[in-house]
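In this note's numbering, the protein residues as written are 640 to 961.
We put the beta carbon where it would ideally sit given N, CA and C, even for glycine.
These numbers come from a predicted model, not from an experiment.
A short worksheet on the structure shown next.
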Amino acid sequence: MKVDKGYVEAPVPEGIDLKEEILRIKNEKNAVVLAHYYTLPEIQEIADYIGDSLALAQIAEKLDNDIIVMCGVHFMGETVKILSPSRKVLVPDLNAGCSLADSCPAPELEKFIAAHPGHTVISYVNTSAAVKALTDVVVTSGNAMKIVDALPADEKIIFGPDRNLGNYINSETGRDMILWDGACHVHEKFSLEKILELKKAHPSAEVLVHPECPAPVRLVADKVGSTAVLLDYSQKSGASEFIVATESGILHEMRRKCPAKTFIPAPPADSTCACNDCSYMKLNTLRKLYLTLLHEAPEVTVDPSIIDRARRPITRMLELSK
Ligand code: 13P
Ligand code: SF4
640 MKVDKGYVEA PVPEGIDLKE EILRIKNEKN AVVLAHYYTL PEIQEIADYI GDSLALAQIA
700 EKLDNDIIVM CGVHFMGETV KILSPSRKVL VPDLNAGCSL ADSCPAPELE KFIAAHPGHT
760 VISYVNTSAA VKALTDVVVT SGNAMKIVDA LPADEKIIFG PDRNLGNYIN SETGRDMILW
820 DGACHVHEKF SLEKILELKK AHPSAEVLVH PECPAPVRLV ADKVGSTAVL LDYSQKSGAS
880 EFIVATESGI LHEMRRKCPA KTFIPAPPAD STCACNDCSY MKLNTLRKLY LTLLHEAPEV
940 TVDPSIIDRA RRPITRMLEL SK
């Protein structure tokens, strides 16, 4: 068995039912599988819990399993490890990174903070553990507005790394937070023109937009919110058609929850594809999940010198989200 490439390389016996084997090993080892809404449908179907980043962090805090497998991206695995350092935390593929987290290296943020003394540092959960260790409060797209709003109006704030989410909060709250200039390669790509074309063809469709999308796309939204907020809205809304401007994995749960409604993925600007995928999230496959559970690798580790400092702003977020 090798993990040199960031995932387990080992043979899988021919003819086995991967889903059955995953369930068997999971029970045998007292393991639990968490999955983000952006993962492949078959991963979401086999997971014990699916959720957005906030829900996954809230669930992770309460788990007492010996092994926690995070089917999402690397920073989500780190968040679980930071909250539960005594557990074995596994991810099916360590290559599942995040372009947004990568847009904010800790040494650069440290210089940025030094250049803006006296500011409270708010970081989106899509960041490395090292960035969280430099942060006062972590937020997710599901609670960022509420947490920023709860701070005194004159508090000076650095917000990073997503400039679109930061800009959205500034425009909704009238704040003047200093923004880190980062973005997600998936959400930046949605095309306003293509959404408007879809809207012409489906005039009664409501437009659902993740706050990581740029301002022109958010302006045509009927609802802006985190993955879980958009999912909830699509269930409660009286509309029967929706144009969805976030990663296309969420459509699986939207369709499962509301089979009679129509969900149309918003396309990206620069391709002929009909939907927009996060290639990192899609690295979580059933085969890799099976091998991960079987061999208990690859494991997520967080530098012990930063784990306590990284936990503080996450715990603060969880407290403020109650
Ligand atoms: P959520 O906070 O909606 O889960 O979003 C996470 C994410 O990675 C968005 O791209
Ligand atoms: Fe990161 Fe964007 Fe993928 Fe979310 S969709 S995990 S922000 S790269």
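Item: Is cysteine 710 near alanine 740, with beta carbons less than 8 Å apart?; Value: no
Item: Tell me whether the beta-carbon of glycine 736 lies closer than 8 Å to the beta-carbon of histidine 713.; Value: yes
Item: So does aspartate 916 have its beta carbon nearer than 7 Å to some heavy atom of ligand 1?; Value: no
Item: Grouping DSSP H, G and I as helix and E and B as strand, with all else coil, what is serine 692?; Value: helix
Item: Looking at the unbroken beta strand (DSSP E) that takes in threonine 759, where does it start and where does it end?; Value: 759-763
Item: Use the C-beta contact count for arginine 926: other C-beta atoms within 10 angstroms, 16 or more gives buried, fewer gives exposed.; Value: exposed
Item: Could you check if glutamine 874 is buried or exposed, using at least 16 other CB atoms within 10 Å of its CB as the buried criterion?; Value: exposed
Item: Taking only runs that begin and end inside the region 727-783, name each unbroken alpha helix (DSSP H) of 4 or more residues, in chain order.; Value: 738-741, 745-754, 768-771
Item: Please name the residue, chosen from Arg663, His675, Val647, Lys658, that lies closest to cysteine 917 on a Cα-to-Cα basis.; Value: His675
Item: Look up leucine 858 in the DSSP assignment and give the residues it is bridged to.; Value: In the DSSP output, where bridge partners are listed per residue, leucine 858 has none listed.
Item: Counting along the chain, where does the beta strand (DSSP E) carrying methionine 956 start and finish?; Value: Not the beta strand (DSSP E): methionine 956 falls in the alpha helix (DSSP H), residues 943-959.
Item: Look up glutamate 836 in the DSSP assignment and say whether it is helix, strand or coil.; Value: helix
Item: Looking only at its chain, what residues have a beta carbon closer than 7 Å to the beta carbon of glycine 716, apart from the 5 residues adjacent to it on each side?; Value: Met709, Val728, Val730, Val939
Item: What number of angstroms, rounded off, separates the C-alpha of alanine 899 from the C-alpha of tyrosine 872?; Value: 15 Å
Item: Ligand 1 heavy atoms versus the CB of glutamate 717: any closer than 7 Å?; Value: no
Item: Let me check you understand the geometry: is the CB of tyrosine 688 closer than 7 Å to at least one non-hydrogen atom of ligand 2?; Value: no
Item: Between which two residues does the beta strand (DSSP E) holding phenylalanine 902 run?; Value: 901-904
Item: Pull every residue with its beta-carbon under 7 Å away from any heavy atom of ligand 2, and keep them in chain order.; Value: Tyr677, Val712, Cys737, Ser738, Leu739, Ala740, Asn765, Cys823, His824, Val825, His826, Glu851, Glu886, Cys917, Tyr919, Met920
Item: Would you grab the beta carbon distance between proline 743 and valine 778 for me? Rounded to a whole angstrom, and I think it's under 8 Å.; Value: Checking the displayed sequence, the identity of residue 743 turns out to be cysteine instead of proline. Their Cβ separation, rounded to whole angstroms, is 14 Å, which puts cysteine 743 and valine 778 out of contact at 8 Å.
Item: In or out: serine 830 buried (at least 16 other Cβ within 10 Å) or exposed?; Value: buried
Item: Using the beta-carbon count (16 or more within 10 Å), is proline 652 buried or exposed?; Value: exposed
Item: Below 8 Å, how does it come out for the region 676-683 and the region 887-906: are there three or more Cβ pairs, yes or no?; Value: yes
Item: DSSP on alanine 674, reduced to helix/strand/coil?; Value: strand
Item: For leucine 933, I'd like the list of residues in its chain whose CB is within less than 7 Å of its CB, leaving aside the five on either flank, ordered along the chain.; Value: Ile664
Item: What did DSSP end up calling leucine 702 once you bin it into helix, strand or coil?; Value: coil
Item: Measuring only the C-alpha atoms, how far is glutamate 660 from lysine 833?; Value: 43 Å
Item: With distances taken Cα to Cα, identify the nearest neighbour of aspartate 947 among Lys720, Lys658, Tyr688, Ser692.; Value: Lys720
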